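First up is the structure itself, then whatever we jot down about it.
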Amino acid sequence: MSSPQVPESRIRWRRGTVTALGRTWRDSLELQVEVLGDGELRALAHPSVVGTPQVGDAVLLNTTAWAQRLGTGGYALVVAFPGRLPADPTGPGHLVKGRYTGLQVTVQGVDEQETPHHAVIAEAEDVGGMPVVVADLHSALPAVLAGVRATAPELRVAYVMTDGGALPAAFSRTLDGLGASLAGVVTAGQAFGGDLEAVTVHTALLAARHVLAADVAVVAQGPGNLGTGTPWGFSGVAAGEACNAAHVLGGRSVGALRISDADPRPRHRGVSHHSLTAFGRVALAGVTLPVPVSGLSPELARQVTEDLAGQPDRNPVVEVEVEGLDDALRASPVGLSTMGRGLDADHAYFLSAACAGRYAAGLVERS
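Residue numbers for the sequence shown follow this note's numbering, so the first one is 11 and each next one is one higher.
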């Protein structure tokens, strides 16, 4: 009988020493760590998971993404401070996220029995026609919010973060900067660290509506999406499933189209093939697709019209006025950036997302 084959390592492990503490936001802390053979590198810790370090502490790191020089995820990630273990958790909750990994965490879910919200979520059957803006990239969130606020600043907007990208909500500096502008953050699936935790996108939408009293919800994965250059091998394809969830719960799905004339990759110029796949082929219940009535170059506008001509009848394409949206985007409390490009470098992308927010705001019945 042959011996079982030992699997290859999937993680590039390193030990180091903390040399400096950097900026903090939400539940994130940047560090400088000296690692033999790698020199001094930038690391990220989530103190609620691994504890709070001090300069001089020994640290165990996962340097896989750092060594690959990945963009959003290019930190060395702190696994533990072996000499300074955090205290045992004392809070409530038994929802396990990051399940069966070495860093699984336990949180209290909005939908579990021991919370004051359990009865509300258990009895809720729909979201009462709430508009749900769905985007395939986290970078669309502040632009969608700008569009809502430029149209109806009194509306309450909740963000549902799905688990296609970063799992800790604390990884997002955007969420830290938008804190005062959002009714709350609900982390769904394996994502964690929101104001509320939910098992599924469905319960997350119910929580947004019935616990956070949101008028509009925005659904998108966290930062650090995964793509393979293929139509289906992209974590944002789940945007189509989010549209289906909104429909099942009586919401009105609005798609934030990924439009660009700045992306160097042909598959993302005009309307990204990811938007066409998620909304055109996965969102079987239908989704409204807003486009800017102006503000795009003539060439880009023609390309967008051509790209959307093949959308099924269930996906109406609507033109949205853009007056005031540029000012709203420039007044965003957080910097706008997608794939390293800011507002001026990829104006069409952010304008399109803001149009989705404006259209959603117009769907809300206001007294």
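Even glycine gets a Cβ: it sits at the ideal position worked out from N, Cα and C. Keep in mind that this is a model prediction, so the values were computed, not measured.
Keeping to the same chain, check which residues put their C-beta closer than 6 angstroms to that of residue i; ignore five residues upstream and five downstream.
i, result
"Thr73", "Arg22, Arg24, Ala86"
"Cys253", "Val144, Ser263, Ala293, Val297"
"Ala97", "none"
"Val89", "Leu70, Asn72"
"His127", "Val120, Val221"
"Val130", "His220"
Could you check where the beta strand (DSSP E) with residue i kicks off and where it finishes?
i, result
"Trp35", "23–35"
"Ser38", "38–45"
"Thr116", "115–117"
"Val344", "First-last for Val344: undefined, no H or E at that position."
"Val106", "105–107"
Only counting the same chain, and skipping five residues up and downstream in sequence, which positions put a Cβ closer than 8 angstroms to that of residue i?
i, result
"Gly237", "Gly243, Phe244, Ser245, Gly246, His284"
"Ala338", "Ala156, Gly157, Arg159, Ala160, Ala364"
"Val281", "Leu267, Arg268, Ile269, Gln313, Val314, Asp317, Leu318"
"Glu50", "Thr29, Gln42, Val43, Glu44"
According to DSSP, simplified to helix, strand and coil, what is residue i?
i, result
"Ser263", "strand"
"Leu147", "coil"
"Leu87", "strand"
"Leu318", "helix"
"Arg52", "strand"
"Val327", "strand"
"Arg312", "helix"
"Ala68", "strand"
"Leu95", "coil"
"Val120", "coil"
Going by the CB atoms, is the gap between residue j and residue i shorter than 8 angstroms?
i, j, result
"Ala168", "Leu222", "yes"
"Leu165", "Val226", "yes"
"Lys389", "Gln118", "Residue 389 is absent from the structure shown; the chain starts at 11 and stops at 377."
"Leu41", "Ala30", "yes"
"Gly250", "Phe289", "yes"
"Leu215", "Val142", "yes"
What are the boundary residues of the alpha helix (DSSP H) that residue i is part of?
i, result
"Leu299", "It is not in any alpha helix (DSSP H) - Leu299 instead sits in the beta strand (DSSP E) that spans 299–302."
"Gly372", "357–373"
"Val292", "Run containing Val292: none; DSSP gives neither H nor E here."
"Leu335", "335–340"
"Val60", "57–60"
Between residue i and the rest of its own chain, which residues show a CB-CB distance below 7 angstroms, the 5 nearest in sequence each way excluded?
i, result
"Gly203", "Asp37, Pro178, Ala179, Ala180, Thr197"
"Leu147", "Ala230, Asn235, Gly246, Arg268, Thr348"
"Ser342", "Pro152, Ala156"
"Val380", "Only positions 11 to 377 of the chain appear in the structure, and residue 380 is not among them; the question remains open."
"Val332", "Pro302, Val303, Ser304, Gly305, Leu361, Cys365"
Mind listing, in chain order, the continuous beta strand (DSSP E) runs of no fewer than 3 residues lying wholly within the segment 147–218?
-> Entirely contained in the segment 147–218, the beta strand (DSSP E) runs reaching 3 residues are, in chain order, 167–172, 194–198, 206–208.
Counting only runs of 3+ residues fully inside the segment 218–260, write out the beta strand (DSSP E) ranges in chain order.
-> 226–231
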